[in-house]
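Protein chains in written order, with this note's numbering: chain Y, 1 to 231; chain G, 232 to 462.
Glycine included, C-beta positions come from ideal geometry on N, C-alpha and C.
Since this is a predicted model, take the numbers as computed values, not measurements.
Below is one structure, written out as structure tokens, with a few remarks after it.
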DNA sequence: GTCTATATCCTGATAGAC
DNA sequence: GTCTATCAGGATATAGAC
């Protein structure tokens, strides 16, 4: 009790790595226990089930990140009437990129896993995620509302959604950016990442209200290809 | 040959629906064939393997979307020296939202599936996606470079990455936005979605260059929780 | 707490009749 | 092209010795 089982930690570490590389569903308990040097039955003993292990892996790194977000948010707005928008954005997006692990490689993997789980198709995993995340989202929603008092509520909800999506995708898929930029961008450089991400998001949050822009032109539908078409 | 097998279409339809609801990996061929009223062996006959079916499902709806993107891009910039930024953004993000299927419900499901596949963990699925997508990405990258001639190349790559992420997440997870906005946002309204999304992205793309903003403050690391800590 | 051994079920794929 | 029947293997989970 005073010193948690080393096996348990190693199971979490191995699961985190394998989940990130291959996804939750494609990773078997056998792979995990083998990589951790543990027995197959140990997962059920420590975590009850595979689902319990997934939840434990996820909560282990999302907990500190959300705590740091709230801490930075408290420093940033401190009940001010008009808190600094950039500081709020930074409080939201910086912690997951600054997550540190014993090894930097593992920190990057955890970040990727975090970003990908944002848009997982599996409903039960989605539930784990949403439960941990929605409190943070609401707290930041209120801060953004104070920082952008003239923005209608609907616009604010949309933009918070966009902001989360931008962050999640940036975390989820750093390799593609590195490859397609021909080496011009280095997603492993946290400071560089934030120096691009934060201004992009701040500008987006400050965009003109949607009711002041012109309507959408050319609403041409994209036809779905069907096997048979009337001709 | 003249009339493609009805079974084949029904398999694609059923697979699309189930893949969207439960993910690729969690959906079995038995579920698909049962839903399609077909035999288990029919998948291997028509598509060779489950992987072949996944690729076929994906290509069926991503092909027309990318074609429409390129068509709209051609209309928008037409080799102009300084094409309209908003038109380029719209050419990129509008087609997937305007994708139409025989039933509107299915169109929404296809859109969700598309958005989620952007950040799939499975490497072989990722490959299917990237192959279809990178040509479009390069073409749009060139158009953005013409529309934003003063932006350094690295900034451009970063922002294109952000833009794609915002779009993907918006497509992937419409339900959460609807729930958390308390009904203020309606993600099923395509015009409303675009009227919020496009200004956000245009403003982000026009943000100040990253080398003109102040450096990042407070690089405090988020500590990873470990079982044992030196005390 | 950790192990072996096993139960039970489901997966993708295929052989071969029709 | 479509079917039935089946194969070979992997999945999670558990019972029970130590």
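Rounded to the nearest angstrom, how far is the Cβ of residue i from that of residue j, given a contact under 8 Å?
{"i": "residue 429/G", "j": "residue 345/G", "result": "Between residue 345/G and residue 429/G the Cβ distance is about 18 Å, and since that is not below 8 Å, they are no contact."}
{"i": "residue 93/Y", "j": "residue 201/Y", "result": "7 Å"}
{"i": "residue 145/Y", "j": "residue 156/Y", "result": "6 Å"}
{"i": "residue 410/G", "j": "residue 417/G", "result": "That pair is no contact at about 12 Å."}
{"i": "residue 316/G", "j": "residue 378/G", "result": "4 Å"}
{"i": "residue 331/G", "j": "residue 222/Y", "result": "6 Å"}
{"i": "residue 319/G", "j": "residue 374/G", "result": "5 Å"}
{"i": "residue 359/G", "j": "residue 286/G", "result": "5 Å"}
{"i": "residue 434/G", "j": "residue 207/Y", "result": "4 Å"}
Tell me whether residue i is buried or exposed, calling it buried when 16 or more other Cβ atoms sit within 10 Å of its Cβ.
{"i": "residue 153/Y", "result": "exposed"}
{"i": "residue 408/G", "result": "buried"}
{"i": "residue 229/Y", "result": "Per-residue confidence for residue 229/Y stands at a pLDDT of 38, beneath the threshold of 50, marking its modelled position as unreliable; the derived number appears in the next sentence. The residue is exposed, with fewer than 16 neighbouring Cβ atoms inside 10 Å."}
{"i": "residue 312/G", "result": "exposed"}
{"i": "residue 165/Y", "result": "buried"}
{"i": "residue 11/Y", "result": "buried"}
{"i": "residue 33/Y", "result": "buried"}
{"i": "residue 66/Y", "result": "buried"}
{"i": "residue 37/Y", "result": "exposed"}
{"i": "residue 350/G", "result": "buried"}
{"i": "residue 443/G", "result": "exposed"}
{"i": "residue 1/Y", "result": "Residue placement at residue 1/Y cannot be trusted, given a pLDDT of 45 that sits under 50; the coordinates are not used to answer."}
{"i": "residue 41/Y", "result": "exposed"}
{"i": "residue 210/Y", "result": "buried"}
{"i": "residue 30/Y", "result": "exposed"}
{"i": "residue 77/Y", "result": "buried"}
{"i": "residue 406/G", "result": "exposed"}
{"i": "residue 189/Y", "result": "exposed"}
{"i": "residue 244/G", "result": "buried"}
{"i": "residue 43/Y", "result": "buried"}
Thinking just about the alpha-carbon of each residue, which of the options is nearest to the one in residue i?
{"i": "residue 412/G", "options": "159/Y, 65/Y, 205/Y", "result": "159/Y"}
{"i": "residue 288/G", "options": "306/G, 262/G, 246/G", "result": "246/G"}
{"i": "residue 171/Y", "options": "24/Y, 212/Y, 117/Y, 87/Y", "result": "117/Y"}
{"i": "residue 369/G", "options": "343/G, 380/G, 350/G, 392/G", "result": "392/G"}
{"i": "residue 9/Y", "options": "70/Y, 46/Y, 142/Y", "result": "46/Y"}
{"i": "residue 321/G", "options": "453/G, 436/G, 440/G", "result": "436/G"}
{"i": "residue 97/Y", "options": "196/Y, 207/Y, 43/Y", "result": "196/Y"}
{"i": "residue 394/G", "options": "405/G, 371/G, 404/G, 342/G", "result": "371/G"}
{"i": "residue 112/Y", "options": "68/Y, 173/Y, 6/Y, 44/Y", "result": "173/Y"}
{"i": "residue 149/Y", "options": "190/Y, 133/Y, 83/Y, 188/Y", "result": "83/Y"}
{"i": "residue 363/G", "options": "259/G, 406/G, 244/G, 300/G", "result": "300/G"}
{"i": "residue 295/G", "options": "326/G, 270/G, 274/G", "result": "326/G"}
{"i": "residue 39/Y", "options": "151/Y, 194/Y, 7/Y", "result": "7/Y"}
{"i": "residue 255/G", "options": "382/G, 341/G, 425/G", "result": "341/G"}
Please report the residue range of the alpha helix (DSSP H) in which residue i lies.
{"i": "residue 378/G", "result": "354-378"}
{"i": "residue 62/Y", "result": "50-77"}
{"i": "residue 278/G", "result": "271-278"}
{"i": "residue 328/G", "result": "316-329"}
{"i": "residue 204/Y", "result": "190-205"}
{"i": "residue 397/G", "result": "384-403"}
{"i": "residue 336/G", "result": "335-348"}
{"i": "residue 312/G", "result": "No alpha helix (DSSP H) contains residue 312/G, which DSSP labels as neither H nor E."}
{"i": "residue 13/Y", "result": "6-22"}
{"i": "residue 261/G", "result": "260-267"}
Would the segment 331-340 of chain G and the segment 244-252 of chain G be scored as touching if the rule is three or more Cβ pairs under 8 Å? yes
Under 8 Å, with one C-beta from each stretch per pair, do the segment 119-128 of chain Y and the segment 42-57 of chain Y reach the 3-pair mark? yes
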